[in-house]
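Heads up, the thing below is written out as structure tokens.
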Amino acid sequence: MTLLDGKKISNDIKNEIAAEVQKMKDNGEKVPHLAAVLVGDDGASLTYVGSKVRACERIGFESTLVKLPNTTTEVELLKKIKELNEDDAIDGFIIQLPLPPQINEQKVLMAVDPHKDVDGFHPENFGKMALDMSTFIPATPFGILELLERYKVETKGKHTVVIGRSHIVGRPMSILMSRKGWPGNSTVTLTHSRTEDLSKITKEADIIISALGVPKFVKADMVKDGVVIIDVGITRVPDENHPKGYVITGDVDFEKVSEKASFITPVPGGVGPMTIAMLLKNTLLAREQRSEK
Ligand code: GUN
Numbered sequence: 007m008t009l010l011d012g013k014k015i016s017n018d019i020k021n022e023i024a025a026e027v028q029k030m031k032d033n034g035e036k037v038p039h040l041a042a043v044l045v046g047d048d049g050a051s052l053t054y055v056g057s058k059v060r061a062c063e064r065i066g067f068e069s070t071l072v073k074l075p076n077t078t079t080e081v082e083l084l085k086k087i088k089e090l091n092e093d094d095a096i097d098g099f100i101i102q103l104p105l106p107p108q109i110n111e112q113k114v115l116m117a118v119d120p121h122k123d124v125d126g127f128h129p130e131n132f133g134k135m136a137l138d139m140s141t142f143i144p145a146t147p148f149g150i151l152e153l154l155e156r157y158k159v160e161t162k163g164k165h166t167v168v169i170g171r172s173h174i175v176g177r178p179m180s181i182l183m184s185r186k187g188w189p190g191n192s193t194v195t196l197t198h199s200r201t202e203d204l205s206k207i208t209k210e211a212d213i214i215i216s217a218l219g220v221p222k223f224v225k226a227d228m229v230k231d232g233v234v235i236i237d238v239g240i241t242r243v244p245d246e247n248h249p250k251g252y253v254i255t256g257d258v259d260f261e262k263v264s265e266k267a268s269f270i271t272p273v274p275g276g277v278g279p280m281t282i283a284m285l286l287k288n289t290l291l292a293r294e295q296r297s298e299k
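Read left to right, the sequence shown gives residues 7 to 299 (our numbering).
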């Protein structure tokens with residue numbers, strides 16, 4: 007069994023980006039600037055956004071954190087987005103999801119300038135991705151592709167089963183794994199909460215990508231020997247014995263499933279750190295594209 011070490015690979019990628027930033031600095035060019043908008047005070051979102059901003063600092067990017075109260079209206083958020091779209095210093099920005107219920111997520115994502123949409127959530131960018139056109143690929147799916155590529159995991163002709171149809175992970179992942187190219191060329195089954203007899207499908211999978219958010223949902227008796235496991239789950243499970251009061255738990259029963267797997271991502275330290283690295287990569291691409299204009 008080989009561990010798909012997202013911590014190590016994400017560090018390699020960050021070092022590669024840092025070297026690019028140093029070159030930009032040496033040439034007297036503007037360095038990439040990422041802004042992150044956080045609405046409300048959800049603990050997990052605060053942690054994720056904090057990690058994204060810290061990662062920017064580490065590799066020499068400029069960063070801006072925009073914190074808005076939980077009571078922010080849709081109009082106020084749209085005004086902030088307009089400001090970020092028009093601010094020439096900002097190369098890319100993200101609106102951390104989920105948003106409070108008074109705000110329509112679709113309206114917000116549509117308002118982001120596609121050229122600054124480093125999350126790849128705008129319909130223009132999502133459509134380009136689906137059509138194999140060059141664009142920003144959403145950070146988590148992009149990170150999974152990068153892990154498969156760097157560990158040379160064969161995907162051609164394999165049966166890839168994706169669990170979960172979210173717009174952020176499951177849906178784009180199903181499209182990317184079926185595209186012509188590598189990683190890709192898989193036969194893909196996209197499963198979700200209404201799928202009947204999921205176990206029957208997962209037992210036939212060569213590659214399982216689980217983005218469900220249910221701790222230890224994928225058990226050893228649901229997978230075949232030699233399966234490749236990508237665990238996107240990061241659920242906080244209360245645990246009094248842990249100083250933080252919780253432990254981060256994946257969708258996969260790692261202890262048992264790893265005995266059957268050929269490759270597997272740990273949680274934490276698998277897909278999570280890759281997401282941040284690929285967001286930085288998209289921001290670097292955004293800067294490069296804007297400087298060419
Ligand atoms: N919430 C969970 N994952 C993501 C992500 O990749 N981007 C944003 N903006 N919000 C998220």
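By construction, the Cβ of each residue, glycine as well, lies at the ideal position given by its N, Cα and C atoms.
In the DSSP assignment, what residue or residues form a beta bridge with residue i?
i	result
Ile270	Leu9 and Ile235
Leu151	DSSP lists no partner for Leu151.
Tyr252	Pro244
Phe99	Ala41 and Asp123
Leu71	Ala42
Ile169	Thr197 and Ser216
Val224	Val258
How far does the beta strand (DSSP E) with residue i in it extend, from its first residue to its last?
i	result
Ala283	From DSSP, Ala283 is part of no beta strand (DSSP E) but of the alpha helix (DSSP H) over Val277 to Glu298.
Leu196	Thr193 to Thr197
Ser216	Ile213 to Ser216
Residue i lies in the alpha helix (DSSP H); which residues open and close that run?
i	result
Thr78	Premise fails: Thr78 is in no alpha helix (DSSP H) and is neither H nor E.
Gly176	Gly176 to Ser184
Leu44	Note, Leu44: premise wrong, no alpha helix (DSSP H); beta strand (DSSP E) at His39 to Val45.
Thr53	Gly49 to Ile65
Ile207	Leu204 to Thr208
Gly133	Pro129 to Ala136
Glu111	Glu111 to Ala117
Does the separation of the CB atoms of residue i and residue j fall below 8 Å?
i	j	result
Gly232	Leu218	no
Ile207	Val243	no
Phe302	Leu40	The question about residue 302 has no answer, for the chain in this structure spans 7 to 299.
Leu83	Val45	yes
Gly190	Met183	yes
Ala61	Lys36	no
Leu285	Ala145	yes
Ile254	Val263	no
Val224	Lys209	no
Pro38	Asp97	yes
Lys13	Pro279	yes
Val55	Leu71	yes
Ile101	Val43	yes
Asp259	Val220	no
Where does residue i land, buried or exposed, given buried means 16+ other C-beta within 10 angstroms?
i	result
Gly49	exposed
Arg293	buried
Ser192	buried
Thr289	buried
Val81	exposed
Pro104	exposed
Gly170	buried
Leu137	exposed
Glu89	exposed
Glu152	buried
Gly251	exposed
Asn131	buried
Lys287	buried
Lys1	What is shown of the chain runs 7 to 299, which leaves residue 1 out entirely.
Thr79	exposed
Pro249	exposed
Quick one: is residue i near chain C, going by C-beta distance under 8 Å?
i	result
Val229	In the structure shown, chain C does not exist; there is a single protein chain.
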